[in-house]
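Note that the protein sequences, when read in sequence, are chains A and B. The numbering used here puts the last residue of the first sequence at 283; the count rises by one with no breaks. The numbering used here puts the last residue of the second sequence at 566; the count rises by one with no breaks. All remarks here apply to the structure that follows.
Protein chains: 2
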Amino acid sequence: MAKERITVIGLGVIGASYASALRKAGYTVFGVDCDEDTVRKAAARGITDAASTSEKDFVPTSDIVVIALYPKQVEGELKKIKGLLKDGVIITDVAGIKSHFTTRIESLLPEDADFVFAHPMAGREKKGIDYADENVFKGANFIITPSKRNKKESIETIERLAREMGFRNIMRLTPEEHDKIISFVSQLPHAIAVALVNSDDRKFDTPRFVGDSYRDLTRIANINEKLWSELFLGNRENLLNSIKEFEKCLDIIKKALEDEDKDVLEEQFVRATKRRTEFNKEL
Amino acid sequence: MAKERITVIGLGVIGASYASALRKAGYTVFGVDCDEDTVRKAAARGITDAASTSEKDFVPTSDIVVIALYPKQVEGELKKIKGLLKDGVIITDVAGIKSHFTTRIESLLPEDADFVFAHPMAGREKKGIDYADENVFKGANFIITPSKRNKKESIETIERLAREMGFRNIMRLTPEEHDKIISFVSQLPHAIAVALVNSDDRKFDTPRFVGDSYRDLTRIANINEKLWSELFLGNRENLLNSIKEFEKCLDIIKKALEDEDKDVLEEQFVRATKRRTEFNKEL
Chain A
1 MAKERITVIG
11 LGVIGASYAS
21 ALRKAGYTVF
31 GVDCDEDTVR
41 KAAARGITDA
51 ASTSEKDFVP
61 TSDIVVIALY
71 PKQVEGELKK
81 IKGLLKDGVI
91 ITDVAGIKSH
101 FTTRIESLLP
111 EDADFVFAHP
121 MAGREKKGID
131 YADENVFKGA
141 NFIITPSKRN
151 KKESIETIER
161 LAREMGFRNI
171 MRLTPEEHDK
181 IISFVSQLPH
191 AIAVALVNSD
201 DRKFDTPRFV
211 GDSYRDLTRI
221 ANINEKLWSE
231 LFLGNRENLL
241 NSIKEFEKCL
251 DIIKKALEDE
261 DKDVLEEQFV
271 RATKRRTEFN
281 KEL
Chain B
284 MAKERITVIG
294 LGVIGASYAS
304 ALRKAGYTVF
314 GVDCDEDTVR
324 KAAARGITDA
334 ASTSEKDFVP
344 TSDIVVIALY
354 PKQVEGELKK
364 IKGLLKDGVI
374 ITDVAGIKSH
384 FTTRIESLLP
394 EDADFVFAHP
404 MAGREKKGID
414 YADENVFKGA
424 NFIITPSKRN
434 KKESIETIER
444 LAREMGFRNI
454 MRLTPEEHDK
464 IISFVSQLPH
474 AIAVALVNSD
484 DRKFDTPRFV
494 GDSYRDLTRI
504 ANINEKLWSE
514 LFLGNRENLL
524 NSIKEFEKCL
534 DIIKKALEDE
544 DKDVLEEQFV
554 RATKRRTEFN
564 KEL
């Protein structure tokens with residue numbers, strides 16, 4: 001069977017990294033972006049086989065379409081390409097939220113198109129094609145949230161693409177499970193990092209005093225504000241719940257400090273160490 | 284001038300790394316530890332020139348004594364070696380808290396001994412001589428909290444040692460300044476990491492889903508519970524204050540989620556990104 005022709009819509013850091021990884025895996029990859037400079041770079045740097053600002057140039061002949069836009073843009077993009085899609089096309093996305101999002105998108109699909117919702121759990125602090133790097137996918141996690149509409153073969157196709165791009169753990173979850181776990185492992189850490197950096201009273205010249213711990217905990221405070229405010233608000237109930245559970249645990253430490261209770265502190269530290277060590281074994 | 288003879292008391296991960304770094308810098312370094320196995324390893328691996336379980340073997344002929352014990356053990360150790368110290372000896376420590384600690388220690392000093400309080404801002408998650416590695420000091424910060432009693436030359440001697448061990452930023456602060464900044468850049472991140480790991484409801488198999496962000500934020504949740512409960516309780520007012528300031532900033536994010544206020548979220552993210560980026564430039 002000939003390898004599928006793929007169009008990636010949106011050549012930001014994730015879309016361009018997808019294009020680059022898929023092209024290296026032997027696929028013919030086309031790129032679409034609204035920014036002319038990005039389109040020029042994609043073609044000139046060999047990130048895509050060809051690139052354009054118009055979906056019409058590639059979508060009609062593509063077997064797979066990757067929509068690598070911000071979650072809120074996916075709906076509009078789908079309406080735009082609806083009339084261009086090839087029969088039997090597989091569409092996929094890269095959005096970091098799924099529950100509400102997937103239901104709305106599915107209602108818009110032509111009968112002949114299959115949308116496999118996916119979340120590549122990798123990224124960079126910087127945005128744009130200049131920071132594209134297919135190596136960020138190496139060993140990373142990839143979550144698919146299958147829907148009742150999905151054909152078995154379509155899901156398997158996207159899983160194969162993920163494997164070929166270098167992802168290691170390729171998993172299937174319901175959209176609800178996805179959003180719950182993501183609120184804890186991804187969004188909560190970002191909320192914490194932002195709050196930590198912003199809580200600096202800056203009475204001292206902080207950068208002169210930091211060690212690895214502060215550096216590690218704040219790296220992701222360098223954050224794309226447009227994307228992450230969408231992700232936070234698109235998953236607000238779960239994220240609020242994760243923040244509250246975190247605060248409960250921080251309160252235990254706070255109370256132990258107020259009570260000068262060494263035993264409780266040690267118990268909390270032992271529990272954390274045990275969990276974090278189990279965790280190292282698995283990874 | 285001949286290089287000083289140095290005794291390091293306590294060959295845990297920091298003490299043994301000091302010994303190793305100082306020996307490589309050309310000093311004659313002796314090691315003392317209460318654990319016989321540790322003493323054997325120190326000598327056999329060339330971490331020290333010689334090692335013993337008894338202070339009497341080396342302290343009387345040493346120009347510099349490094350007490351690399353937990354903060355609470357320093358007072359007892361000082362009482363133990365008080366009668367053994369060479370005239371004009373310089374003593375130094377590695378404790379991560381200073382304010383209350385230094386006042387108590389100074390009241391115990393013989394007139395002829397000068398104690399230069401120091402905090403090497405480096406370490407490892409693991410404890411014990413097996414994890415000693417002088418490379419952890421490379422490029423790290425080193426804080427000295429001079430006291431009125433200190434001779435200028437003694438401070439300069441410890442600064443020279445720090446430089447020779449590979450520390451980059453060697454700074455002087457008051458004990459009060461030290462404890463304030465440390466509560467923010469070091470203790471608060473540890474409290475957060477512990478609370479984050481402990482707040483996992485474990486409904487999912489978390490390790491399968493984590494990305495770099497969760498991994499970075501929880502690395503230091505693998506924590507020595509005896510040492511860190513001492514450090515937390517020895518600096519509780521400052522740490523409580525740092526936790527409260529952090530919680531205020533997390534509350535801003537929480538409220539923005541409750542109110543679905545995208546503008547406030549974006550504003551918080553932009554502020555954090557700006558600060559974290561400035562920070563990258565300096566480091």
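C-beta atoms are modelled at their ideal positions from N, C-alpha and C, and glycine is treated no differently.
Residue 198 (chain A) and residue 125 (chain A) do not touch by the CB rule: their CB atoms are close to 17 Å apart, not below 8 Å. Runs of the alpha helix (DSSP H) spanning 4 or more residues and lying entirely within the region 406-479 of chain B occur at 435-448 and 458-465, in chain order. Annotation for residue 5 (chain A): the continuous beta strand (DSSP E) segment containing it runs 5-9. Contact annotation, residue 165 (chain A) with residue 18 (chain A): C-beta distance approximately 7 Å; criterion of less than 8 Å satisfied. Across the region 478-491 of chain B, CB contacts with chain A closer than 8 Å involve 478, 479, 480, 481, 482, 483, 484, 486, 487, 489, 490 and 491, in sequence order along the chain.
In the DSSP assignment, residue 314 (chain B) falls within the unbroken beta strand (DSSP E) covering 311-315. In summary, no residue of the region 307-322 of chain B has a CB separated from any CB of chain A by less than 8 Å. With respect to the 8 Å criterion, residue 31 (chain A) and residue 67 (chain A) are not classified as neighbours on the basis of their beta carbons.
For residue 99 (chain A), no beta strand (DSSP E) run applies; the uninterrupted alpha helix (DSSP H) run containing it begins and ends at 99-106, by DSSP. In the assembly as shown, residue 270 (chain A) is an exposed residue. Its beta-carbon has fewer than 16 other beta-carbons within 10 Å. Out of A:57, A:49 and A:247, the CA that lies nearest to the CA of residue 24 (chain A) is found in A:49. Look at the region 48-102 of chain A and you find these whole runs of beta strand (DSSP E), each 3 residues long or longer: 50-52, 64-67 and 90-93. Among the CB atoms of chain A, one or more fall inside 8 Å of the CB of residue 499 (chain B). Each residue's CA atom was taken as its position, placing residue 393 (chain B) and residue 268 (chain A) some 40 Å apart.
For the C-beta of residue 254 (chain A), the chain B residues within less than 7 Å are, from N- to C-terminus, 523 and 526.
Across the structure, residue 521 (chain B) and residue 115 (chain A) are spaced so that their CA atoms are roughly 53 Å apart. Of the other Cβ atoms in all chains shown, fewer than 16 fall within 10 Å of the Cβ of residue 34 (chain A); this residue is therefore exposed.
In summary, the residues of the region 116-135 of chain A whose CB is separated from some CB of chain B by less than 9 Å are 121, 122, 123 and 125, in the order they occur in the chain. A straight-line Cα-Cα distance of about 20 Å links residue 100 (chain A) and residue 171 (chain A). Taking 8 Å as the threshold, the shortest C-beta distance from residue 355 (chain B) to chain A does not fall below it. Collapsing the DSSP output to three states places residue 401 (chain B) in a strand. Bounds of any alpha helix (DSSP H) do not take in residue 220 (chain A), whose DSSP letter is neither H nor E. Contact between residue 59 (chain A) and residue 65 (chain A) is confirmed by a C-beta separation of about 6 Å, below the 8 Å threshold.
Against residue 17 (chain A), chain B offers no close residue; the least beta-carbon distance is about 15 Å (beta-carbon pairs closer than 8 Å). Close CB contacts of residue 232 (chain A) within its chain, under the 7 Å cut and outside five residues either way in sequence, are with 187 and 239 (chain order). The three-state reading of DSSP puts residue 285 (chain B) in coil, since its state is none of H, G, I, E or B. Using a Cβ distance threshold of 8 Å, residue 140 (chain A) and residue 121 (chain A) count as a contacting pair. Around the beta carbon of residue 474 (chain B), a 10 Å sphere encloses 16 or more other beta carbons of the protein chains shown; the residue is thus reported as buried. DSSP places residue 109 (chain A) outside both helix and strand once states are collapsed to three, so it counts as coil. Out of A:63, A:28, A:189 and A:252, the CA that lies nearest to the CA of residue 533 (chain B) is found in A:189. Sorting A:179, A:40 and A:3 by C-alpha distance to the C-alpha of residue 22 (chain A) places A:3 at the top. Under the three-state reduction of DSSP output, residue 37 (chain A) falls in the helix class. When the five nearest sequence neighbours on each side are left out, no beta carbon in the same chain lies closer than 6 Å to the beta carbon of residue 486 (chain B). Flagged as an interface residue toward chain B: residue 210 (chain A), by a C-beta distance shorter than 8 Å. When CB distances to chain B are screened at a threshold of 9 Å, not a single residue of the region 83-116 of chain A falls below it.
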